[in-house]
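Residue numbers for the sequence shown follow the working numbering, so the first one is -12 and each next one is one higher. Just below is one structure, and these are the notes that go with it.
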Amino acid sequence: MYKLPEEIKKSYESLIVPMIIMGPSASGGYEPLAISDGFLEFHSLSRDELYGNYNEREKEIFFEKVHPEEKKKLRAISLDFLDRKTDYDITFRVRMEDGYHLIHSTGYWQTMEDGTDLAFLVYNDVQKHENKFLEIANKYKLFQKDDFYVDALTNLPNLNYVNKNGDSKIKEIVEKGKTPVFIYIDIDSMQSYNRRYGVKRGDDLLYLVANILVAEFHHGLVARIVSDHFGVIDEYDGEEDIVSKIESVNSKVKISAFGTTTGLNVGIYVGNKNVSLTESIDHAIRANKLVGEDLKKYYRFYTVEDDILYNHQRYIIENFDKAMEKGWIKVFYQCFLRIETGSGMGFEALARWIDPEKGLIKPDDFIPALEKYHLMHEMDLYMFEMVCKEVKIRYDEGLPLLPVSINFSRQDFDYIDVIEEINKIYDKYDIDQYGIDKSYFIIEITEQGLAKATDKFYEQLRKIRENGYKLWVDDFGSGYSSLNVFSSFDIDLIKFDMSLLINLDAHNGANRVILKGMIDVAHELGIHTLCEGMETEEQKKFLLSVGCELGQGYLYHKPEGLDTILHRLHQDIPIPKWESEKERIAQDNNWK
C-alpha cells in the first residue's frame, strides 16, 4: 500500500477543486489516498466513509448518486482507466439536492519520485460553474451575453470591465477606510505548457486559475486581463495576508493542474487613497516583470527602485538588436591553463556589452533580462559567430588557434535546433581552412540547466558530441549539484564553480574534501576537470595536489578583447605561454 507524505496529503485534502487521488492498495487494486474538501462537498460524504477499509461498499458510494442510465458506463470506464486500458474524459449526471447536475470528469496518471503511478481524478460541475457565473455577473452587474465585458473562457470580467469600473472599485475600498492593493498575475511558462500538453489543457489551466483566484479573493474584483494574465483589486490587510493568499493560490494551481506547471508570477502594488487604476496596473506589471531577480520568489512587491531597474531592463531589450548589429557586444577571452605546466590550453568566450550611452553593461544585468524575454539563444549564437569570425584574425596574426568555449543557455534548446544553427555558422566561415576542426569549439552548459533538461534538450546534447564539438558542464557545485551528471550524460569536462575554491577552508575544509572526491570520480570516469576562480598561489598548489588539470582565474589571465591581445603582440609586450597542439595531445595521452 502506498502512502502520501502527510504534508502533501493535507495540501490535496484542502483543495476546493473536487479531486481524488487513487493509489495501489495492499490487495493489489486501487484505493483513495487523498480526497479533497471539494470532492466531499460535491458528494456530501465524509472522509471516514472513504478512507480505511476500501471494500465493495465503499466503491459503490462513488456511484450511488449517478443517474441509473449512466452507472454502468461510468463504472466500466473507471475500471478500464485504472487498468490502463483507456483514457478518462467523461460526462455523466449526478443527483444533487436541486436535481441532476451534468459532471465533466478527467483523469491522468502521475509517476511519483519512487516510481509509483498514482491516478488523479478531477470533477467539474458544469451547472455549478454556470451558477457561479451568474453570481459573478450579479456581483459585477454584468449580463451573460455582454461579451464586451466578459471573458468567454473563464466567465470573469475582462479588461474592458476593469477599465470601466476599476477606479470605482478602488474608490469603494478607500471610502471604507481601507487601502487598495492591485495584484497582477501571469502563469509561468504558459507557452511551454501549451506545447507540452496542448491548447485544450492550456484552456483548462486558465479556467482552473480563474476559479482558484475567485475563491481566494472572494471580496475582490478578479479579472482576466489578457491571455494568461489576471488582475485582482482587493483590500490590503497587510503583507502577511496577501502573501498567504498568493502562496495558497500558487500551491493549489500547481497541485490541481494537469501535468506539471511551474506556477505563477505575481506583481503586487499597495496603493493609497489617491491612487488611480492606471497607476496601479502599471506598477503591479512592473513588479511582475521583475519577478525572477530573486530566483527563490515568484512574487514581488513594487518599490520605487523598480522603476529604475525596469527602465534599465527595457533599455537592454530595446537596444539588444542594435548592440549586436553595431558590435557593442564584444567577445572577451579569458585563458584557462594547464596547472601542471602553466601553459594556456584554451579560452572561454565572455560577452561584454560596451554601450556608447550607458558604458559597460554587466552580464549580471543583461543576461537576466535576455533570459526573461527568451532572447538568450540570439546572444549565444551571436557569440559563437563572433568567435568563428575572429578565427581568421587570430590565424592571420599568427596567434595559436587554441580551443574556445562558448556558453549556451538551457533556454536555447527549447527555441532553436542548436546543432543545426552552429553548424551553419561553422560552415559560413569555412573554419576547416585554418587547419582546425569542430573539436576546437566547446559548448558549455550549466549543471543547473542540465537538472531542468527536457527530452528535446537531451537529444541535442547527444548531437553536440556526435557532430564533433566538445561538451563541458559549467558551474558544477554552485547549488545543490547532483552526481547523476557523471552518469547521465556523455561529457568531456566538468567545470567546478569558483565558490568551491574561494571557500576552501569553510566548515573545517569541507570543500577541499568535496573537490578532491569529485575530481577523483571524474578522473575514474575519463572526464577532464577545470576549476574556476583561481586567484592565489595557494589555490593553484591545492588544485595541483588534488589532480585538477585546468585552472581559470585572475591569477593567470583577466578577460580581454582580441584587440588588446593584438596590441600587446604588436608592441612586443610578452603574452602568456600557450600550449601547442602537439603538447596538448601529449598531455591528453599521459592523462589517459
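Ideal placement from N, C-alpha and C gives every residue a C-beta, glycine not left out. The structure displayed is predicted, hence computed values, not measured ones.
Euclidean distance between Cα positions of residue i and residue j
{"i": "LYS232", "j": "THR248", "result": "19 Å"}
{"i": "PRO5", "j": "TYR180", "result": "23 Å"}
{"i": "ASP559", "j": "LEU549", "result": "15 Å"}
{"i": "LEU530", "j": "GLU511", "result": "17 Å"}
{"i": "PHE169", "j": "LEU193", "result": "20 Å"}
{"i": "VAL236", "j": "ILE160", "result": "23 Å"}
{"i": "LEU(-9)", "j": "TYR17", "result": "14 Å"}
{"i": "ASN198", "j": "VAL291", "result": "32 Å"}
{"i": "ASN600", "j": "LYS(-4)", "result": "Any question about residue 600 goes unanswered here, given that the chain covers just -12 to 579."}
{"i": "PHE120", "j": "LEU140", "result": "Summary for PHE120: the model assigns pLDDT 49, below 50, so the residue's position carries little reliability, and this model does not support an answer."}
{"i": "ILE489", "j": "SER567", "result": "30 Å"}
{"i": "GLY496", "j": "THR551", "result": "39 Å"}
{"i": "PHE307", "j": "VAL209", "result": "36 Å"}
{"i": "GLY185", "j": "HIS216", "result": "18 Å"}
{"i": "LYS156", "j": "ASP269", "result": "17 Å"}
{"i": "ASP492", "j": "GLY538", "result": "19 Å"}
{"i": "SER214", "j": "ILE172", "result": "11 Å"}
{"i": "THR433", "j": "ARG287", "result": "26 Å"}
{"i": "ILE589", "j": "LYS345", "result": "Shown here, the chain extends from -12 to 579; a query on residue 589 therefore has no answer."}
{"i": "ARG397", "j": "LEU362", "result": "12 Å"}
{"i": "HIS557", "j": "LYS317", "result": "21 Å"}
{"i": "ASP575", "j": "LEU347", "result": "39 Å"}
{"i": "LEU89", "j": "VAL219", "result": "30 Å"}
{"i": "ILE295", "j": "LYS260", "result": "24 Å"}
{"i": "ALA573", "j": "GLY329", "result": "15 Å"}
{"i": "TYR136", "j": "TYR148", "result": "5 Å"}
{"i": "ARG555", "j": "GLU547", "result": "11 Å"}
Close Cβ partners of residue i (< 7 Å) along its chain, the five nearest in sequence each way excluded
{"i": "ASN454", "result": "ILE406, ASN410 and LYS425"}
{"i": "ARG571", "result": "MET332"}
{"i": "LEU2", "result": "SER23, ASP24, GLY25, LYS239, ILE242 and SER243"}
{"i": "LEU553", "result": "GLU384"}
{"i": "SER33", "result": "LEU27"}
Integer-rounded CB distance, given that residue j should sit under 8 Å from residue i
{"i": "ASP479", "j": "TRP459", "result": "6 Å"}
{"i": "GLY102", "j": "PHE68", "result": "Their Cβ separation, rounded to whole angstroms, is 20 Å, which puts GLY102 and PHE68 out of contact at 8 Å."}
{"i": "VAL378", "j": "ILE418", "result": "6 Å"}
{"i": "GLU57", "j": "PHE79", "result": "4 Å"}
{"i": "PHE204", "j": "ASP221", "result": "5 Å"}
{"i": "GLU408", "j": "LEU368", "result": "6 Å"}
{"i": "GLU592", "j": "ALA13", "result": "No information on residue 592 is available, as it lies outside the stretch -12 to 579 that the chain covers here."}
{"i": "ARG188", "j": "GLY254", "result": "Not really, about 26 Å apart at Cβ, beyond 8 Å."}
{"i": "LEU61", "j": "PHE50", "result": "7 Å"}
{"i": "MET9", "j": "LEU108", "result": "7 Å"}
Cβ shell of residue i (< 6 Å), same chain only, five flanking positions each side left out
{"i": "PHE428", "result": "TYR456"}
{"i": "ILE481", "result": "VAL460, PHE463, ALA509, ILE514 and THR516"}
{"i": "GLU431", "result": "SER392, ASN394, TRP459 and ASP461"}
{"i": "GLY534", "result": "ILE506"}
{"i": "PHE138", "result": "With the sequence shown as reference, residue 138 is identified as Asp, and Phe is not the correct amino acid for it. Excluding sequence neighbours, ASP138 sits near ASN145 and ARG211."}
{"i": "ALA202", "result": "ILE3"}
{"i": "LYS52", "result": "VAL81 and ARG82"}
{"i": "LYS503", "result": "VAL533"}
{"i": "SER92", "result": "ILE77 and TYR110"}
Minimum C-alpha distance to residue i - residue among the options
{"i": "GLN435", "options": "VAL53, ASP461 and ASP417", "result": "ASP461"}
{"i": "GLU226", "options": "GLY218, LYS158, VAL257 and ILE552", "result": "VAL257"}
{"i": "ASP399", "options": "PHE444, ASN490 and LEU32", "result": "PHE444"}
{"i": "ALA356", "options": "LYS545, LEU542 and LYS276", "result": "LYS276"}
{"i": "ILE64", "options": "ILE77, VAL53 and GLU56", "result": "ILE77"}
{"i": "ARG381", "options": "TYR421, ASP367, LYS345 and ASP351", "result": "TYR421"}
{"i": "TYR360", "options": "TRP96, LYS158 and TYR297", "result": "TYR297"}
{"i": "GLN300", "options": "GLU335, ILE354, TRP315 and GLU327", "result": "ILE354"}
{"i": "TYR543", "options": "VAL213, TYR320, GLY346 and PHE217", "result": "TYR320"}
{"i": "ASP190", "options": "ASN142, VAL230, GLU365 and LEU66", "result": "ASN142"}
{"i": "TRP565", "options": "LEU389, TYR136 and THR265", "result": "LEU389"}
{"i": "MET366", "options": "TRP340, LEU347 and GLU344", "result": "TRP340"}
{"i": "LEU324", "options": "LEU61, MET9, ARG555 and GLU519", "result": "GLU519"}
{"i": "ASP153", "options": "LYS163, PRO167 and LEU264", "result": "The question names Asp, but residue 153 in the sequence shown is Gly. Among LYS163, PRO167 and LEU264, the Cα nearest to that of GLY153 is on LEU264."}
{"i": "LYS415", "options": "ASP404, PHE371 and GLN447", "result": "PHE371"}
{"i": "SER589", "options": "MET521, ARG452, SER474 and SER475", "result": "Limits of the chain in this structure are -12 at one end and 579 at the other, which puts residue 589 out of reach."}
{"i": "LYS569", "options": "LYS158, ASN498, PRO387 and LYS450", "result": "PRO387"}
Contacts around residue i, its chain only, beta-carbon distance under 8 Å, and the 5 residues preceding and following it disregarded
{"i": "ASP175", "result": "THR248, THR249, GLY250, LEU251, ASN252 and TYR285"}
{"i": "LYS545", "result": "GLN321"}
{"i": "LYS163", "result": "GLU222"}
Residue-chain proximity (residue i, chain B), Cβ-Cβ < 9 Å
{"i": "SER179", "result": "Included in the structure is just one protein chain, with no chain B present."}
Length at least 4, wholly inside the region 320 to 408: the alpha helix (DSSP H) runs in chain order:
Complete alpha helix (DSSP H) runs here, min 4: 350 to 359, 363 to 383 and 399 to 402.
Requested in this report: Kindly provide the ranges of any alpha helix (DSSP H) runs that are 4 or more residues long and lie completely inside the region 447 to 504, ordered along the chain.
Outcome: DSSP runs (the alpha helix (DSSP H)) wholly in the region 447 to 504: 471 to 475 and 485 to 489.
* **Within the region 130 to 218, ranges of the beta strand (DSSP E) (whole runs, at least 3 residues)** => Runs of the beta strand (DSSP E) inside the region 130 to 218: 166 to 174 and 208 to 213.
- Within the region 523 to 579, note down every full beta strand (DSSP E) run reaching 3 residues or more, in order along the chain. Correct list: 537 to 539.
#### Entry: Ranges of the beta strand (DSSP E) found wholly within the region 250 to 282, counting only runs of at least 3
Contiguous beta strand (DSSP E) elements confined to the region 250 to 282 occur at 251 to 257, taking only those with 3 or more residues.
Start-end ranges of the beta strand (DSSP E) lying completely within the region 41 to 90, minimum 3 residues: Secondary structure remark: continuous beta strand (DSSP E) runs of at least 3 residues inside the region 41 to 90, in chain order: 75 to 83.
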